[in-house]
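The next block holds one structure in the form of structure tokens; read it before the comments.
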Amino acid sequence: TQLLEQSPQFLSIQEGENLTVYCNSSSVFSSLQWYRQEPGEGPVLLVTVVTGGEVKKLKRLTFQFGDARKDSSLHITAAQPGDTGLYLCAGPSGGYQKVTFGIGTKLQVIP
Amino acid sequence: GAVVSQHPSRVICKSGTSVKIECRSLDFQATTMFWYRQFPKQSLMLMATSNEGSKATYEQGVEKDKFLINHASLTLSTLTVTSAHPEDSSFYICSAQPGQRSYNEQFFGPGTRLTVL
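Chains as they are written, first to last, in our numbering: chain B, 62 to 172; chain A, 939 to 1055.
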């Protein structure tokens, strides 16, 4: 089973600050996905990165896939309270259509 | 697009009873659906993979006779928790994949909070 480690596990910041969260593995992934989950809700797919070195932007969120396809980062610029949630990275896990999830980074943005 | 619904969103039941949770893909056909369980402050734990028209594949440690999964159509999968006990209380989330996805992307339902008294 390929493992995904996420850091930090918890992050509390003030509105307007920038932040970066990380997703790392010792294994190579063909792709990685980022999801955001709000309390009491299911995860929502934000982005899929598939090419080593790829950078994708979604408004104030910037996702990067490492050159070796073993890691990924999510950078949020000028965080807002609406960014609060659990950010999960996930990647194919070898089984039929399955993915493995990291433990997540719980982000709290304080107004 | 790619909307998945779950019903009910919350259920409270007595110990020993069975509870059925429905997962529907509303605007696409899902050959594969997944059922996850999530404990407080933890990530998603895959319970089983459900394929339309065939038996579900359960992850190690998940009792198939306790967690019955039926995927009778390309838009509906159900999870039945049989003879529920308090330790089965959890947040159950389903996800669905539209056809063959190259990157195994999944679209999740809003989850079902099960409380067993």
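Heads up, the beta-carbon is just placed ideally off N, CA and C, and yes, glycines get one too.
Where residue i falls: helix, strand or coil (DSSP)
i: residue 100 of chain B; result: coil
i: residue 1025 of chain A; result: helix
i: residue 143 of chain B; result: helix
i: residue 966 of chain A; result: coil
i: residue 1000 of chain A; result: coil
i: residue 960 of chain A; result: strand
i: residue 111 of chain B; result: coil
Counterpart residues of residue i in DSSP-defined beta bridges
i: residue 151 of chain B; result: B/94, B/162
i: residue 1045 of chain A; result: A/1034
i: residue 136 of chain B; result: B/81, B/123
i: residue 993 of chain A; result: According to DSSP, residue 993 of chain A bridges with nothing at all.
i: residue 64 of chain B; result: None; residue 64 of chain B has no bridge partner.
i: residue 971 of chain A; result: A/988, A/1034
i: residue 190 of chain B; result: Nothing about residue 190 of chain B can be read from this structure; chain B reaches only from 62 to 172.
i: residue 105 of chain B; result: B/97
i: residue 1053 of chain A; result: A/950
Closer than 9 Å at the beta carbon, the chain B residues around residue i
i: residue 1030 of chain A; result: Near residue 1030 of chain A there are no residues of chain B at all, since even the closest Cβ is about 10 Å away, more than 9 Å.
Per-residue contacts from residue i into chain A (C-beta, under 8 Å)
i: residue 164 of chain B; result: 980, 981
i: residue 109 of chain B; result: 1041, 1043
i: residue 153 of chain B; result: 1041, 1042
Beta-carbon proximity list for residue i, same chain, < 6 Å, skipping 5 on both sides
i: residue 136 of chain B; result: 81, 123
Sequence-distant residues of the same chain with beta carbon closer than 7 Å to residue i, five excluded per side
i: residue 117 of chain B; result: 108, 110, 124
i: residue 1045 of chain A; result: 940, 942, 1033, 1034
Contacts that residue i makes with chain B (C-beta to C-beta distance below 7 Å)
i: residue 984 of chain A; result: 159
Along the region 85-108 of chain B, what residues have a CB closer than 9 Å to any CB found in chain A?
91, 92, 93, 94, 96, 98, 101, 102, 103, 104, 105, 106
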